[in-house]
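Notes for the one structure printed next.
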Amino acid sequence: MEAFKDMSAKDGVCIAHSYKIYSNAGEQNFDKLLKKLRSHLPKARVVVCFCEGMTVRGLLMAMRRQGIVGEFLLLGSDGWADRYDVTDGYQREAAGGITIKLQSPDVKWFDDYYLQLRPENNLRNPWFQEFWQNKFKCKLKGYSQDNQIYNKTCSSRLSLTYQYAQDSKMGFVINAIYAMAYGLHNMQVALCPGYKGLCDAMKPIDGQKLLDCIMKANFTGVAGDMIMFDENGDSPGRYEIMNFKKMGKDYFDYINVGSWDNGELKMDDDEIWSTKNSVIRSVCSEPCAKGQIKVIRKGEVSCCWTCTPCKENEIVFDEYTCKACELGSWPTDDLTGCIQIPVEYLRWSDPEPIAAVVFACLGLLATMFVTAIFILYRDTPVVKSSSRELCYIILAGICLGYLCTFCLIAKPQRIYCYLQRIGIGLSPAMSYSALVTKTNRIARILAGSKKKICTKKPRFMSACAQLVIAFLLICIQLGIIVALFIMEPPNIMFDYPSIREVYLICNTNNLGVVAPLGYNGLLILSCTFYAFKTRNVPANFNEAKYIAFTMYTTCIIWLAFVPIYFGSNYKIITMCFSVSLSATVALGCMFVPKVYIILAKPERNVRSAFTTSTVVRMHVGDGKSSSAASRSSSLVNLWKRRGSSGETLSISFTPGPTHTYCQQPIGMCFRTKQDMFLKKEGKANRSNGKSVTWAQNEKSNRGQHLWQRLSVHVKKKDSTNQTAVIKPFSKSSTENRYISTSYPESSAKMLYDVSEAEEHYPVQYRPQTPSPISTVSQRAASVTRTDDDIPSFHSDTAQRSGSSQGSLMDQISNVVTRFTANISELNSMMLSSNTQGTLVPTPLCSSYLIPREIQLPTAMTTFAEIQPAPAIEFNEVNLDLLSRLEDQL
């Protein structure tokens with residue numbers, strides 16, 4: 001039995017379970033055995049019986065008791081063969097059973113010999129009489145060893161033909177006897193050559209030698225077949241396969257359905273299974289489908305398995321093993337081998353790259369357009385107030401950001417890998433380094449403007465210093481990129497986002513992305529901090545609010561970029577759109593409003609639209625008081641005039657709106673803070689055109705000098721324009737308020753048009769010469785006026801002598817203010833006569849003036865020292881400081 005199990009396992013025959021039972025076991029043992037067969041692995045329906053025929057009969061009887069018919073298919077060994085005594089009475093339970101019978105044809109001559117034997121003629125066999133008595137259950141007369149248990153005497157009519165059937169193994173018995181005989185014969189020939197009978201060499205007989213002689217024997221058997229033995233002593237096996245089946249109504253019989261002869265099997269399946277439905281399936285597990293392997297259950301037999309599919313990148317190596325293909329390869333359709341997966345990379349024809357390229361191209365065109373506008377209008381207030389140099393750096397970074405898209409989408413090559421890492425890190429660094437520099441400067445300027453006393457000028461405020469700072473910040477990013485190049489030189493590699501995808505990419509690891517973007521993120525946070533810090537500045541101070549909005553939006557973009565980039569497989573497209581969106585936000589929020597003002601709103605492209613002051617105080621006096629004024633709450637001491645007597649004319653101001661002030665008789669006009677108007681050596685800046693009111697506050701003596709102080713305050717309206725008319729006081733100013741357009745008196749102080757529309761008129765500087773001051777509206781060009789419409793103001797010319805300069809303070813302090821509510825800007829210029837002491841006014845057309853009722857000032861304070869005015873001398877250092885401050889602010 002163990003040999004059968006081993007050979008079955010080698011041939012793939014599965015034994016679900018095996019049980020032993022004794023041939024003389026009782027009915028209960030057979031019933032338990034049958035229950036075990038039904039409970040454990042119920043799919044196993046074939047029962048193989050290696051047992052004697054009566055044991056099979058006991059199993060058939062148990063099946064009858066449990067009412068099991070047709071549930072199992074019995075396979076019997078040669079112990080059952082074709083015996084009717086096994087199936088008698090239990091044909092239905094045994095129906096379909098298959099048995100094996102040794103192939104042994106009937107020996108006809110043995111029947112003839114055997115059937116004629118009788119006790120009286122077979123005296124040579126001493127056991128024949130005993131055999132006769134046992135066969136017929138009787139005793140022979142005259143036989144010395146008669147069987148006392150039988151009382152009946154054997155009749156002379158008895159014959160061996162009664163219930164005789166030749167045993168199926170009769171041929172094997174005869175062949176075995178012949179094998180013994182041929183072995184003895186071969187031994188005698190070998191040991192006793194030429195000698196008849198046993199010789200001394202055969203006495204006693206050596207069993208091992210006899211076995212060797214039998215193993216070597218070969219002869220023709222009783223059935224005419226050749227008899228020989230292999231190394232194991234087995235003769236060739238020959239079996240007949242019998243099937244016990246129903247042949248008719250209540251009639252069952254054995255039929256031959258196959259044979260097995262010397263390793264060759266022949267089966268007549270159609271005879272066994274007349275229909276397909278009659279075929280009995282005895283399986284523990286069904287065969288696995290294509291692409292599946294068998295996984296044996298723990299503790300189960302080899303025929304009981306679970307079918308498990310191989311992974312999608314695996315092939316079926318054998319019925320129990322899957323084998324994975326290497327990265328970059330994929331199983332064939334029949335799962336017998338692996339083939340290479342086509343390498344993928346972004347192609348220009350894919351939808352995502354097309355969208356990214358179109359977006360980048362539009363951005364490049366917009367960037368080039370904005371850059372061209374800024375270059376063409378580089379000297380306008382809009383561009384100058386935006387820090388032109390830093391803006392060019394920002395525009396270069398934006399342009400580089402758009403160009404990164406093309407390097408990212410191009411088929412990966414080593415040169416493109418270098419360009420990708422340079423562009424991705426450098427383009428945001430250029431933009432945000434300039435923005436950090438700009439917002440830092442704005443924050444420092446505003447912080448300084450809040451101080452009551454400005455002790456020193458903020459450092460690094462010049463354009464050159466700002467450029468150096470921006471380039472230093474950019475160089476830090478370049479250093480990071482170069483260090484990463486040294487650590488990991490750019491190259492191409494294969495990326496496997498999934499087992500079925502292979503992409504050709506640049507070998508940029510997470511550090512190569514995080515380090516440059518981390519530095520850019522630091523710049524973004526710095527910009528955002530300064531943008532938030534300057535969020536409450538006046539609405540028209542540079543582009544602070546646009547920078548703030550840019551940085552808030554940029555922070556949102558990059559916060560969304562980080563999880564998308566590191567959490568998806570679309571890293572290249574994500575990078576393209578993130579860089580392009582950041583560039584677009586910077587371009588749209590910071591530059592589009594400026595381009596709109598330049599092209600669509602030129603009237604707003606004036607310096608007054610980019611300044612913030614609200615209050616100005618101007619002090620005029622000698623050197624002693626000027627030093628005191630410089631220690632007051634003024635921001636900058638603008639210039640001083642020194643004369644022969646050591647007197648100094650000092651003019652200082654506090655942060656306030658941009659307004660035009662004129663000083664007479666020295667002929668100098670200026671505006672506060674961002675848009676100062678200076679007139680020196682024939683050079684003039686332009687006025688901004690704001691309106692002011694002049695307030696008289698106090699009049700008192702300080703020491704031995706009489707001082708005049710002029711305080712200026714803005715009167716602002718949202719929906720209306722304002723203007724002011726300024727003239728020097730004289731004794732006749734209250735008597736003659738208007739003069740004709742012919743200006744007959746040379747001492748009269750005329751009004752002149754210095755509006756924004758006439759900014760091209762030059763203003764010349766004439767020292768020691770009184771100058772008229774005039775203000776007109778740009779919007780009043782088409783209005784016709786009479787002589788009465790022209791307000792003019794006269795000064796006391798008698799006081800103007802070659803040796804007296806007392807009119808200096810009078811000319812400044814004698815101011816009459818007139819307001820109108822519909823003029824856009826205040827423009828003030830001061831023109832000097834060609835010769836000292838002689839006023840040659842330049843008349844203005846009356847159509848530029850608007851008649852209004854004169855609105856007297858609410859308050860005015862004048863303190864004047866009546867002394868000769870020395871020659872005016874300018875402090876060049878303070879003038880340069882004024883110019884630099886103008887550009888900075």
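Numbering (the UniProt record's numbering), first residue to last: 1 to 889.
Positions of the beta carbon are idealized from the N, C-alpha and C atoms, including for glycine.
Keep in mind the model is a prediction, meaning the values are calculated, not measured.
Item	Value
Going by C-alpha distance, which of P458, E300, Q420, C399 is nearest H40?	E300
In the DSSP assignment, the alpha helix (DSSP H) including N243 goes from what residue to what residue?	Where N243 is concerned, there is no enclosing alpha helix (DSSP H), although the beta strand (DSSP E) it sits in stretches over 238 to 248.
Distance, Cα to Cα, F561 vs T554?	10 Å
Let me check one thing: in DSSP terms, what residues is Q340 bridge-paired to?	S329
I need the straight-line Cα distance from G53 to S77, nearest angstrom please.	9 Å
Quick check for students: name the residue ranges of the alpha helix (DSSP H) that lie wholly in the region 371 to 422, counting only runs of 4 or more.	381 to 384, 388 to 409
To the nearest angstrom, how far is the alpha carbon of M551 from that of G588?	12 Å
So what does DSSP say about D268, is it helix, strand or coil?	coil
Taking C-beta to C-beta, are T439 and Y546 nearer than 7 Å?	no
In whole angstroms, give me the CA-to-CA distance for L198 and I205.	9 Å
Let me know the alpha helix (DSSP H) ranges lying completely inside the region 461 to 511, each 4 residues or longer, listed in chain order.	463 to 487
Give a yes or no on whether the C-beta atoms belonging to L390 and I572 are separated by under 7 Å.	no
Let's test the definition: count the other Cβ atoms within 10 Å of the Cβ of V585 and tell me whether it reaches 16, buried, or not, exposed.	buried
Kindly give me the distance between the Cβ atoms of W305 and S285, rounded to whole angstroms, as I take these residues to be in contact under 8 Å.	5 Å
Run the CB neighbour count on C361, radius 10 Å, all protein chains shown included, and call it buried at 16 or more, exposed below.	exposed
Return yes when the Cβ of S8 is within less than 7 Å of the Cβ of T55, no when it is not.	no
Please look up how many angstroms separate the CB atoms of P428 and G479, rounded, as I've assumed it's under 8 Å.	Not confirmed; about 16 Å, so no contact.
Could you check whether V606 and P381 sit closer than 7 Å to each other, using their CB atoms as the reference points?	yes
Just to confirm, is the Cβ distance from residue 907 to C506 under 7 Å?	The requested residue 907 is not part of the displayed model; the chain covers only 1 to 889.
Could you have a look at D212 and say whether DSSP puts it in helix, strand or coil?	helix
Does DSSP put G142 in a helix, in a strand, or in coil?	coil
To the nearest angstrom, report how far apart M187 and D225 are at their CA atoms.	24 Å
Could you say if the region 80 to 91 and the region 210 to 221 meet the contact criterion of at least three C-beta pairs nearer than 8 Å?	no
In three-state DSSP terms, what is S259?	strand
If we count the other Cβ atoms within 10 Å of its Cβ and call it buried at 16 or more, is Y377 buried or exposed?	buried
Is it buried or exposed, S387, if we count other Cβ atoms within 10 angstroms and call 16 or more buried?	buried
Per DSSP, which residues does K323 bridge with? Please list them.	I315
Answer yes or no: do M267 and G258 have a C-beta to C-beta separation smaller than 7 Å?	yes
I need the boundaries of the alpha helix (DSSP H) containing P563, first residue and last residue.	544 to 567
Whole angstroms is fine: what's the gap from R92's alpha carbon to G58's?	14 Å
Report yes if the C-beta distance between L523 and Y432 is below 7 Å; otherwise report no.	yes
Exposed or buried, what is G171 when buried is set at 16 or more other beta-carbons lying within 10 Å of its beta-carbon?	buried
Can you tell me whether I415 is buried or exposed, with buried defined as 16 or more other CB within 10 angstroms of its CB?	exposed
Would the region 155 to 175 count as touching the region 100 to 107 if we require 3 or more Cβ pairs under 8 Å?	yes
Just curious, the alpha helix (DSSP H) that G53 is in, first and last residue?	53 to 66
How many angstroms separate the CA atom of N637 from the CA atom of S526?	In this prediction, N637 has a pLDDT of 33, which is less than 50 and means its spatial position is unreliable; what the coordinates show is noted afterwards. So the alpha carbons of these two residues sit roughly 34 Å apart.
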